[in-house]
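Residue numbers (numbering that gives the first Met the number 0), protein chains in the order written: chain P, 0 to 288; chain H, 0 to 260.
Backbone N, C-alpha and C fix where the C-beta goes; we use that ideal spot for every residue, glycine too.
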Amino acid sequence: MKRAVTHRQEALISSGGSICSDMSRRIPWRAILESRASAWIVPMSIVAIWQAVCVLELTPSTLLPSPMAVIDAARRLTLTGELPLNLGVSFLRAIGGLAIGGAIGFFFGLANGVSKISEVLADSTLQMARNIPHLALIPLVILWLGIDEEAKLFLVSIGVFFPIYVNTLHGVRSVDPQLVEMARSYGMPSRELFGLVVLPGALPSIFVGLRYALGVMWLTLIVAETIAAQSGLGYMAMQAREFMQVDVVVLSILIYALLGKFADSVARFLERACLSWHPAFQRERGVAP
Amino acid sequence: MTIQTTVDAHLRPGVSMRARNLDKSFGSTRVLSGLDLDVPAGQFLAIVGRSGCGKSTLLRLVAGLDEKTRGAVSFEEHAPVQAHDVVRVMFQEPRLLPWARVLANVEVGLGARRGDVDGREQALEALRSVGLEDRATEWPSTLSGGQKQRVAFARALVSRPRLLAFDEPLGALDALTRVEMQRLLESAWLREGFTALLVTHDVAEAVALADRIVIIENGAISRDIAVDLPRPRRRGAVEVAELEEQILDYLLGEAAGRAAE
Numbered sequence: 000m001k002r003a004v005t006h007r008q009e010a011l012i013s014s015g016g017s018i019c020s021d022m023s024r025r026i027p028w029r030a031i032l033e034s035r036a037s038a039w040i041v042p043m044s045i046v047a048i049w050q051a052v053c054v055l056e057l058t059p060s061t062l063l064p065s066p067m068a069v070i071d072a073a074r075r076l077t078l079t080g081e082l083p084l085n086l087g088v089s090f091l092r093a094i095g096g097l098a099i100g101g102a103i104g105f106f107f108g109l110a111n112g113v114s115k116i117s118e119v120l121a122d123s124t125l126q127m128a129r130n131i132p133h134l135a136l137i138p139l140v141i142l143w144l145g146i147d148e149e150a151k152l153f154l155v156s157i158g159v160f161f162p163i164y165v166n167t168l169h170g171v172r173s174v175d176p177q178l179v180e181m182a183r184s185y186g187m188p189s190r191e192l193f194g195l196v197v198l199p200g201a202l203p204s205i206f207v208g209l210r211y212a213l214g215v216m217w218l219t220l221i222v223a224e225t226i227a228a229q230s231g232l233g234y235m236a237m238q239a240r241e242f243m244q245v246d247v248v249v250l251s252i253l254i255y256a257l258l259g260k261f262a263d264s265v266a267r268f269l270e271r272a273c274l275s276w277h278p279a280f281q282r283e284r285g286v287a288p
Numbered sequence: 000m001t002i003q004t005t006v007d008a009h010l011r012p013g014v015s016m017r018a019r020n021l022d023k024s025f026g027s028t029r030v031l032s033g034l035d036l037d038v039p040a041g042q043f044l045a046i047v048g049r050s051g052c053g054k055s056t057l058l059r060l061v062a063g064l065d066e067k068t069r070g071a072v073s074f075e076e077h078a079p080v081q082a083h084d085v086v087r088v089m090f091q092e093p094r095l096l097p098w099a100r101v102l103a104n105v106e107v108g109l110g111a112r113r114g115d116v117d118g119r120e121q122a123l124e125a126l127r128s129v130g131l132e133d134r135a136t137e138w139p140s141t142l143s144g145g146q147k148q149r150v151a152f153a154r155a156l157v158s159r160p161r162l163l164a165f166d167e168p169l170g171a172l173d174a175l176t177r178v179e180m181q182r183l184l185e186s187a188w189l190r191e192g193f194t195a196l197l198v199t200h201d202v203a204e205a206v207a208l209a210d211r212i213v214i215i216e217n218g219a220i221s222r223d224i225a226v227d228l229p230r231p232r233r234r235g236a237v238e239v240a241e242l243e244e245q246i247l248d249y250l251l252g253e254a255a256g257r258a259a260e
């Protein structure tokens, strides 16, 4: 017995290399699960289950097309140019509405955060308007603006306005008054005070507003396009329903999911780039304090 | 340009400060009542007192951070100047901008000279004088409490203060860092020649640094003590310890007297 143990020890000592290769042969689950790619494990599994359900014909293909059928629809519509066109139209509407509504919300948020007069004049009105579901305006918007581009831009602008407004206002308000006092005591002029202290201090909150606004932006656009449009992803989905093209309907829905994920990634990237001073982001990058 | 700045520094020594009949009330609470104080140019004055006695309020009035209820504060009798041009404050907290690198934080002190060619050099020089030049490109969040306070001190120095008001800036530091900072303050004061106003509840700190100590009680100055000890003062030297005990006895005696009433 004793001898056997010694034998094994000898083996371990003499073949240090083989221990290492032994370790590496074991699958490093933890490292895999912590990597960024693992975020795709769940969505991919869902697609795999979905494909299995379709192949086994557990559901009628007229109600649920298989992933392969959806990919095929994407290929078909890309070749006819229908998908890129509608995607482009929707994308421009979304960006346009975000730019207009976001800029106005950002402006009012800053103005009302910095100026007491501006806040007294505008804030209570805006808070009242905020509680109207903006999608409830669709009938009115159609009456006023028809189903042209203005209608969609208007609705998206209204939708993104409020999250950006509320969070910008909150961000400016919650800037550390001690820092403002410090800057003033060094005789910092108002413009520099704004650029060096107030705006950077409000930025984390503004980003929260932006990410929320991106969600509202897609939601509003899709609803508006579904109800009143002659192009765009929502329109494409509605047309497909008319002709019972269930693969195109599902394709549209999947594209919404991907667009949402894409928008969120862009926002995250901007956040990381602009808030690299923030301890939360330094920890994320593994920089020791 | 360097010659210019040296000349400038010589032309801008400490300012004298005069407060007359200062009153400050918050609502119905009267914090300062009829306080008079004269500080000659270049003096290191320590203001001590129990917490809530109004010593920080006095400092904030001198720095023009708060509005006085009544009375007057003036600087340089012969050529009057405004508080925001000559007074700089070091707060209890470092108050660094977390989104600006260490050097950029020091550059805040440059004011209108920020962005000048030699402005950056001056900021680096100030950072060097507090021993943190190698941290110039880091975020403030990576610094320790004492290091942050040294950056704040560099920021104050680079603004070329003619009166530097310290609002218990060492209060939150550990004992060792505190002594280190006290030495840093003293050497900067000896080198730059600004008038220094140190608000503190630490009597030992006041005795170690100040030319003169005033004690504030009931919103006015109750004692005015000249500290005539040679510098650098050795901690634990007999005269230093005696004076410290004398002042502590006074402060505690007052408290005991009040309790007896």
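Using a threshold of 8 Å, state whether the C-beta atoms of residue i and residue j are closer than that.
{"i": "H:P97", "j": "H:S143", "result": "no"}
{"i": "H:V61", "j": "H:V72", "result": "yes"}
{"i": "P:I221", "j": "P:S156", "result": "no"}
{"i": "H:L172", "j": "H:M180", "result": "yes"}
{"i": "H:V85", "j": "H:L184", "result": "no"}
{"i": "H:A207", "j": "H:R177", "result": "no"}
{"i": "H:V105", "j": "H:A153", "result": "yes"}
{"i": "H:A135", "j": "H:L123", "result": "yes"}
{"i": "P:G170", "j": "P:A201", "result": "yes"}
{"i": "P:Y164", "j": "P:F107", "result": "yes"}
{"i": "P:I146", "j": "P:A227", "result": "yes"}
{"i": "P:S177", "j": "H:R230", "result": "Just to set this straight, residue 177 of chain P is Gln in the shown sequence, not Ser. No. Outside cutoff."}
{"i": "H:S128", "j": "H:L156", "result": "yes"}
{"i": "P:A72", "j": "P:D246", "result": "yes"}
According to DSSP, is residue i part of a helix, a strand, or is it coil?
{"i": "H:G330", "result": "This structure gives no information on residue 330 of chain H, because the portion of chain H shown stretches from 0 to 260."}
{"i": "H:K67", "result": "coil"}
{"i": "P:I103", "result": "helix"}
{"i": "P:S34", "result": "coil"}
{"i": "P:K1", "result": "For P:K1, the predicted model reports a pLDDT of 44, less than 50, meaning its position is unreliable; a value from the coordinates is still stated below. Here P:K1 sits in helix by DSSP."}
{"i": "P:S20", "result": "Only weak support is given to the placement of P:S20: the predicted model assigns it a pLDDT of 49, under 50, and the value that follows is read from those uncertain coordinates. Three-state result, P:S20: helix."}
{"i": "H:D22", "result": "strand"}
{"i": "H:L36", "result": "strand"}
{"i": "H:R211", "result": "strand"}
{"i": "P:D122", "result": "helix"}
{"i": "P:L63", "result": "coil"}
{"i": "P:P288", "result": "Note that P:P288 scores 39 on pLDDT, short of 50, meaning its location in the model is unreliable and no value can be drawn from it."}
{"i": "H:F165", "result": "strand"}
{"i": "H:V30", "result": "strand"}
{"i": "P:M127", "result": "helix"}
{"i": "H:A45", "result": "strand"}
{"i": "H:M16", "result": "strand"}
What residues from chain C crowd round residue i, counting only those whose CB sits closer than 8 Å?
{"i": "H:S158", "result": "The structure shown contains no chain C; its protein chains are P and H."}
Can you find a CB in chain H that lies within less than 8 Å of the CB of residue i?
{"i": "P:V353", "result": "No statement about residue 353 of chain P is possible, as the shown extent of chain P runs from 0 to 288 and does not include it."}
{"i": "P:P176", "result": "no"}
{"i": "P:A182", "result": "yes"}
{"i": "P:P278", "result": "yes"}
{"i": "P:V215", "result": "no"}
{"i": "P:L76", "result": "no"}
{"i": "P:V196", "result": "yes"}
{"i": "P:P64", "result": "no"}
{"i": "P:P199", "result": "yes"}
Hey, is residue i's beta-carbon within less than 8 Å of any beta-carbon in chain P?
{"i": "H:S140", "result": "yes"}
{"i": "H:W188", "result": "no"}
{"i": "H:R94", "result": "yes"}
{"i": "H:F90", "result": "yes"}
{"i": "H:V107", "result": "yes"}
{"i": "H:L163", "result": "no"}
{"i": "H:P97", "result": "yes"}
{"i": "H:G118", "result": "no"}
{"i": "H:L175", "result": "no"}
{"i": "H:H83", "result": "yes"}
{"i": "H:R182", "result": "no"}
{"i": "H:G114", "result": "no"}
{"i": "H:R87", "result": "yes"}
{"i": "H:G145", "result": "no"}
{"i": "H:G110", "result": "yes"}
Chain-ordered residues of the region 217-228 of chain P with a beta carbon less than 7 Å from chain H: none
Sequence ranges, alpha helix (DSSP H) only - wholly within the region 57-110 of chain H, length at least 4: 82-85 and 101-106
Whole runs of the alpha helix (DSSP H) within the region 167-242 of chain H, excluding any shorter than 4 residues: 174-191 and 202-208
Residues within the region 35-65 of chain H neighbouring chain P, beta-carbon criterion of under 7 Å: A62 and L64
Ordered list of beta strand (DSSP E) runs contained in the region 200-228 of chain P, each at least 3 residues: none
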